[in-house]
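Participant: Quick mapping for you: the protein sequence lines, in order, are chains A and B. Under my numbering, think of the first position of the first sequence as 29, with each following residue one higher. Under my numbering, think of the first position of the second sequence as 29, with each following residue one higher.
Protein chains: 2
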Amino acid sequence: MAVNLVEPDSLLPVKGIRLATVAAGIKKNQSDDLVLIELADNSQCAAVFTQNKFCAAPVSVAKKNMQSKTPRYLLVNSGNANAGTGEQGMQDAFESCALVAQQAGCEPDEVLPFSTGVIGENLPVNKIETALPVLHEKLVENNWLNAGRGIMTTDTKLKGISRQITLQGKTVTVTGLSKGAGMIQPNMATMLAYIATDAVINKDLLQQCLTSAVNISFNSITVDSDTSTNDACVLMATGHAGNDVITQVNDDYKALLNVISEVCLYLAQAIIRDAEGATKFVALQVNSASSISDARQVAYTVAHSPLVKTALFASDPNWGRILAAVGRAGVDFDIDKIKIFLGDICIVSNGGRDVAYTEEQGQQVMNQQEITIRIELQTGDQSACVWTSDLSYDYVKINSEYRS
Amino acid sequence: MAVNLVEPDSLLPVKGIRLATVAAGIKKNQSDDLVLIELADNSQCAAVFTQNKFCAAPVSVAKKNMQSKTPRYLLVNSGNANAGTGEQGMQDAFESCALVAQQAGCEPDEVLPFSTGVIGENLPVNKIETALPVLHEKLVENNWLNAGRGIMTTDTKLKGISRQITLQGKTVTVTGLSKGAGMIQPNMATMLAYIATDAVINKDLLQQCLTSAVNISFNSITVDSDTSTNDACVLMATGHAGNDVITQVNDDYKALLNVISEVCLYLAQAIIRDAEGATKFVALQVNSASSISDARQVAYTVAHSPLVKTALFASDPNWGRILAAVGRAGVDFDIDKIKIFLGDICIVSNGGRDVAYTEEQGQQVMNQQEITIRIELQTGDQSACVWTSDLSYDYVKINSEYRS
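Here you go:
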């Protein structure tokens with residue numbers, strides 16, 4: 029049950045990007061589990077990957093291939109993470125790239141592999157090999173919805189968005205996909221997200237644009253504090269829109285960064301709305317902090333507190349748990365000056381419950397599906413926002429039954 | 029449902045300590061909720077308290093009173109934490125001490141107040157005032173079991189232990205109590221624990237003894253990563269055993285430290301065995317680390333992972349989640365050298381699943397109620413152990429229904 033998340037009816041094709049999906053039999057439920065994305069000649073590509081030391085084999089291979097060539101193909105499978113698979117996992121990831129290259133007539137290091145699903149099982153490369161000819165045959169531009177469905181695991185809703193802007197009279201399209209839904213505290217990237225634009229932009233600025241957008245979107249969400257082994261976020265630019273090439277931080281760059289940030293934020297928040305077992309969509313807004321890192325630390329401490337998350341699930345205005353989490357965040361502040369708000373209601377001031385607070389006011393906010401907890405640290409002028417979900421019976425159910 | 033935790037049939041009195049309990053009506057269920065502990069003249073007292081910045085009013089008052097006088101009385105209530113209660117909370121804590129002092133004929137700052145229960149509601153001091161005369165009348169030495177019951181909140185079992193040692197032919201008794209059961213990641217102390225001995229020891233060494241014992245016991249457990257506002261652990265020494273006074277780190281000190289460490293470890297582990305919703309008792313043993321702090325960081329990261337905790341609840345040998353948690357701990361190691369064990373079974377070596385590992389072996393360990401996850405970082409010679417519980421439906425149930 030996703031919180032106020034509507035699947036898109038349609039997604040705009042991006043000139044120069046073709047996509048195909050197929051059910052290769054990697055997932056147990058026979059739905060599409062293999063996605064091929066083709067980038068036109070002369071495209072640029074930027075990416076960010078998980079910081080987990082046990083990063084999956086495909087992440088290692090994708091990072092390596094990104095350094096040597098500009099990618100022509102992305103191969104994404106769901107149902108198997110190819111993580112914790114040691115040397116065999118690396119061989120399987122390289123082999124997958126080689127098979128795509130053979131089919132497509134490119135070099136193996138022009139292919140980026142991505143995997144998501146159960147950790148620790150070997151990738152069934154034979155199933156991929158069997159499916160590839162059909163997959164390659166099916167490549168078309170107008171296929172983003174199917175691709176979005178093909179990368180889902182425990183997600184209950186497809187997550188995708190399209191936006192258009194005009195740069196010097198040329199229409200520029202941005203379309204993006206993401207998937208969650210557990211093991212989510214991205215660190216430089218989220219589980220999997222693919223964003224494409226037909227804008228003309230050089231590679232350095234494309235990477236800068238992605239990093240900026242990711243910091244305030246995918247790197248500001250958490251479901252369960254668990255950073256995945258497979259996180260990856262890719263931004264592709266085909267250059268087919270015909271705008272003047274962006275080679276510096278000018279108005280065109282800013283306009284493109286804005287729309288890409290908007291797309292990333294939508295996709296990141298969609299992951300939280302569809303988080304495993306989520307019944308609430310919660311923003312932790314920390315203001316007047318002495319640094320962004322202090323603000324993020326307080327926000328994440330509250331966002332990760334199982335006691336705050338279960339109170340949110342119960343719609344219980346048990347604000348003492350929020351206060352206790354803020355107090356243990358390891359960030360310096362004056363307890364007599366800090367203020368904590370539930371929605372617009374002040375719950376804590378002068379070191380304790382705000383004198384005007386009533387349980388009825390708190391209950392009214394807690395009954396909502398979308399809740400903002402705002403913390404005014406009063407130690408500076410920096411801010412950060414982190415989005416999270418609640419902790420429900422269904423989270424436990426999904427994660428104690430996921431493999432069976 | 030506690031994991032292999034048996035309530036003690038009896039607890040040994042400690043010469044010089046008298047205890048009393050009464051149902052003052054602070055808890056809703058009419059069970060005992062007010063405990064008075066009296067220390068004989070010339071006792072020594074050591075304590076450690078929560079590091080939560082929003083520490084409860086009684087913690088502030090107890091710390092202050094510890095500095096000015098040697099305590100004569102400890103007043104403990106359950107059912108109300110007197111935390112997040114601002115200036116009123118401080119007044120209520122001071123008032124409670126004054127009432128005890130008035131009744132007992134001592135100074136208010138010779139009384140230490142302690143509270144545990146719901147955060148953010150004012151302490152019903154009038155109920156305490158009404159109950160105090162009866163409470164004072166009931167003080168007796170042989171009353172530890174009732175006191176242990178009187179400090180319980182969501183605990184399902186009484187937690188207490190007694191041990192005796194002989195120092196220079198004199199019998200020395202140590203008896204301790206603790207309570208959990210949620211908001212447990214103690215930081216210098218746990219929710220509430222009271223340990224008394226009749227040993228003769230000076231104050232500085234008593235504090236040193238408590239700090240050493242707490243570091244490897246109460247400061248090495250976690251249920252849900254939430255450090256309480258009310259954590260406190262008190263070690264009392266009445267000096268009635270007649271042993272030579274301990275004024276330096278000699279064999280007597282070491283023998284006393286050993287038994288007090290054993291008592292603290294039992295009481296800390298008892299909190300985990302009776303953690304909210306616990307069905308498993310789990311030890312995270314991290315060895316061959318370059319520092320104790322690295323070892324603890326890895327242990328706590330795995331212990332806090334909701335995905336590891338739900339897999340433990342499901343008895344699912346989903347070892348990939350353990351690997352992923354270790355990988356995101358932010359500690360440096362070589363993924364090709366690290367080894368991870370489930371019980372005695374090696375699950376991870378050479379960067380992936382150990383070649384000899386079988387699912388059946390993992391399942392056999394996971395089916396047990398007591399599970400050790402051992403991580404050999406292979407970066408040095410330091411170790412740490414942290415104990416935790418699993419994440420079950422009942423944890424969510426208890427914490428989404430606690431106030432209602």
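Even for Gly, the Cβ is constructed at its ideal location relative to N, Cα and C.
1. According to DSSP, is A/A217 helix, strand or coil?
2. Show which residues of chain A have a CB atom less than 9 Å away from the CB atom of B/I147.
3. B/M211 versus chain A: which residues are under 7 Å apart at the beta carbon?
4. Quick one: list the residues of chain A neighbouring B/Y421, beta-carbon separation under 9 Å, in chain order.
5. Note down, in chain order, every chain A residue with its Cβ under 8 Å from the Cβ of B/V376.
6. For B/N93 and chain A, any beta-carbon pair shorter than 8 Å?
7. From this set, B/P99, B/V89, B/M94, which residue's C-alpha is nearest B/A68's C-alpha?
8. Could you tell me the alpha carbon to alpha carbon distance between B/K282 and B/S318, rounded to whole angstroms?
9. With a threshold of 8 Å between beta carbons, is B/D254 in contact with chain A?
10. Taking three-plus beta-carbon pairs below 8 Å as touching, is the segment 85-102 of chain A in contact with the segment 114-126 of chain A?
11. How far does the beta strand (DSSP E) with A/V122 in it extend, from its first residue to its last?
12. In angstroms, rounded to a whole number, what distance separates the CA positions of A/T49 and A/L62?
13. Closer than 8 Å, Cβ to Cβ, to anything on chain B: give me those residues from the segment 369-393 of chain A, in chain order.
14. Grouping DSSP H, G and I as helix and E and B as strand, with all else coil, what is B/Q410?
15. At which residues does the beta strand (DSSP E) containing A/C83 begin and terminate?
16. Which parts of the segment 314-369 of chain A are runs of the alpha helix (DSSP H), unbroken and 4 residues or longer, counting only runs that do not cross its ends?
17. Any idea which residues DSSP pairs B/C261 with across the strands?
18. A/N57: which of A/L312, A/F246, A/S333, A/T181 sits nearest, CA to CA?
19. From the beta carbon of A/F341, is the nearest beta carbon of chain B less than 8 Å away?
20. What is the DSSP secondary structure of A/N70, reduced to helix, strand or coil?
21. Relative to the C-alpha of B/V162, which candidate in B/A51, B/A352, B/Q392, B/S59 has its C-alpha closest?
22. Can you pull out the residues from the segment 66-81 of chain A whose beta carbon lies closer than 7 Å to at least one beta carbon of chain B?
23. Ignoring anything shorter than 3 residues, give me the beta strand (DSSP E) runs that lie fully in the segment 155-205 of chain A, in order along the chain.
24. Would you please verify whether the beta carbon of B/W415 is less than 8 Å from any beta carbon of chain A?
25. Going by DSSP, what residues sit across from B/G107 in a beta bridge?
26. Taking Cβ-Cβ distances shorter than 8 Å, what residues in chain B pair up with A/T307?
27. List, in chain order, every chain B residue whose beta-carbon is nearer than 7 Å to that of A/T338.
28. Would you mind reading off the limits of the alpha helix (DSSP H) that contains A/V35?
29. Helix, strand or coil for A/S420? Go by DSSP, reduced to three states.
30. Among the candidates B/I274, B/D360, B/I300, whose CA atom is the shortest distance from the CA of B/F246?
31. How would you list, in chain order, the residues of chain E whose beta-carbon sits under 8 Å from the beta-carbon of A/I363?
32. Hey, how far is the Cα of A/Q410 from the Cα of A/Q313?
33. Could you have a look at B/P283 and say whether DSSP puts it in helix, strand or coil?
34. Kindly list the residues whose CB is nearer than 6 Å to the CB of B/L151, restricted to its own chain and excluding five residues on each side of it in sequence; keep chain order.
35. What in chain A is Cβ-close to B/G355, meaning under 7 Å?
36. At a CB-CB cut-off below 8 Å, which residues of chain A make contact with B/G117?
Facilitator: Concretely, from the data shown:
1. As a first step, residue 217 of chain A is located in the first sequence; it is residue number 189 there, counting from the start. Residue placement at A/A217 cannot be trusted, given a pLDDT of 43 that sits under 50; what the coordinates show is reported in the next sentence. Under the three-state reduction of DSSP output, A/A217 falls in the coil class, being neither helix nor strand.
2. To locate residue 147 of chain B, count along the second sequence from 1; it is residue 119. Neighbours of B/I147 on chain A, chain order: N346, W347, G348, R349, L351, A352.
3. Translated into the one-based positions of the second sequence, residue 211 of chain B becomes position 183. Neighbours of B/M211 on chain A, chain order: L335, A352.
4. Mapped onto the second sequence, residue 421 of chain B falls at position 393. Going along chain A in sequence order, the residues near B/Y421 (Cβ under 9 Å) are Y421, V424, K425, S428.
5. Your numbering for residue 376 of chain B matches position 348 in the second sequence. The contacting residues are G112.
6. For the purposes of this step, residue 93 of chain B is identified with residue 65 of the second sequence, where counting begins at 1. With 8 Å as the cut-off, B/N93 does not count as an interface residue toward chain A.
7. Counting from 1 along the second sequence, the entry for residue 68 of chain B is found at position 40. Measuring from the Cα of B/A68, the nearest candidate turns out to be B/P99.
8. Locating residue 282 of chain B in the second sequence gives position 254, where the first residue counts as 1. Locating residue 318 of chain B in the second sequence gives position 290, where the first residue counts as 1. Between B/K282 and B/S318, the C-alpha separation is close to 27 Å.
9. Along the second sequence, read from residue 1 onward, the residue named residue 254 of chain B stands at position 226. Residue-level contact check: B/D254 touches chain A, since one or more beta carbons of chain A fall below 8 Å from its beta carbon.
10. yes
11. In the first sequence, the residue the question calls residue 122 of chain A occupies position 94. For the sequence presented, residue 122 of chain A should be read as Phe rather than Val. Note, A/F122: premise wrong, no beta strand (DSSP E); alpha helix (DSSP H) at 114-132.
12. In the first sequence, the residue the question calls residue 49 of chain A occupies position 21. In the first sequence, the residue the question calls residue 62 of chain A occupies position 34. Rounded to the nearest angstrom, the two C-alpha atoms are 6 Å apart.
13. V376, N378, G379, G380, R381
14. Looking up residue 410 of chain B in the second sequence gives position 382. The answer is strand: DSSP assigns B/Q410 an E or B state.
15. Counted from its first residue, the first sequence places residue 83 of chain A at position 55. Segment: none, A/C83 is in no beta strand (DSSP E) and carries neither H nor E.
16. 320-332, 334-341, 347-355
17. Residue numbering aside, residue 261 of chain B sits at position 233 when the second sequence is read from its first letter. In the DSSP output, where bridge partners are listed per residue, B/C261 has B/V76, B/A221.
18. For the purposes of this step, residue 57 of chain A is taken as the residue at position 29 of the first sequence. Closest by alpha carbon: A/T181.
19. In the first sequence, counting from the first residue as 1, residue 341 of chain A sits at position 313. Yes, its Cβ sits closer than 8 Å to a Cβ of chain B.
20. Against the first sequence, residue 70 of chain A aligns to sequence position 42. In the displayed model, A/N70 falls within coil according to three-state DSSP, outside both helix and strand.
21. Within the second sequence, numbered from 1, the residue matching residue 162 of chain B stands at position 134. The candidate whose alpha carbon is nearest that of B/V162 is B/A51.
22. N80, K81
23. 187-195
24. Reading the second sequence from its first residue, position 387 is the one you call residue 415 of chain B. Chain A, which has no Cβ nearer than 8 Å to the Cβ of B/W415, makes this no.
25. As a first step, residue 107 of chain B must be located in the second sequence, where it is residue number 79. Answer is B/G145, bridged to B/G107.
26. Walking along the first sequence from the start, residue 307 of chain A turns up at place 279. The premise fails here: A/T307 is roughly 11 Å from chain B at the closest Cβ pair, so nothing lies under 8 Å.
27. As a working note, residue 338 of chain A is residue 310 in the first sequence. Within chain B, the residues near A/T338 are V424, N427, S428.
28. Counted from its first residue, the first sequence places residue 35 of chain A at position 7. Looking at the sequence itself, residue 35 of chain A is Glu, so the reference to Val does not match. Where A/E35 is concerned, there is no enclosing alpha helix (DSSP H), given that its DSSP letter is neither H nor E.
29. Residue numbering aside, residue 420 of chain A sits at position 392 when the first sequence is read from its first letter. A/S420 falls in the coil class under three-state DSSP.
30. Indexing the second sequence from 1 puts residue 246 of chain B at position 218. Here the closest residue by C-alpha is B/I300.
31. This model lacks chain E altogether, as its protein chains are A and B.
32. Here residue 410 of chain A corresponds to residue number 382 of the first sequence, with the count starting at 1. Here residue 313 of chain A corresponds to residue number 285 of the first sequence, with the count starting at 1. So the two alpha carbons sit approximately 11 Å from each other.
33. Along the second sequence, read from residue 1 onward, the residue named residue 283 of chain B stands at position 255. With the sequence shown as reference, residue 283 of chain B is identified as Ala, and Pro is not the correct amino acid for it. In the structure shown, B/A283 sits in a helix (DSSP, three-state: H, G or I).
34. In the second sequence, counting from the first residue as 1, residue 151 of chain B sits at position 123. The answer, listed in chain order, is N108, N110, D120.
35. Counting from one through the second sequence, the residue named residue 355 of chain B turns up at place 327. Residues of chain A passing the Cβ test: N80, K81, F82, T257.
36. On the second sequence, residue 117 of chain B is found 89 positions in, with the first residue counted as 1. Residues of chain A passing the Cβ test: G380.
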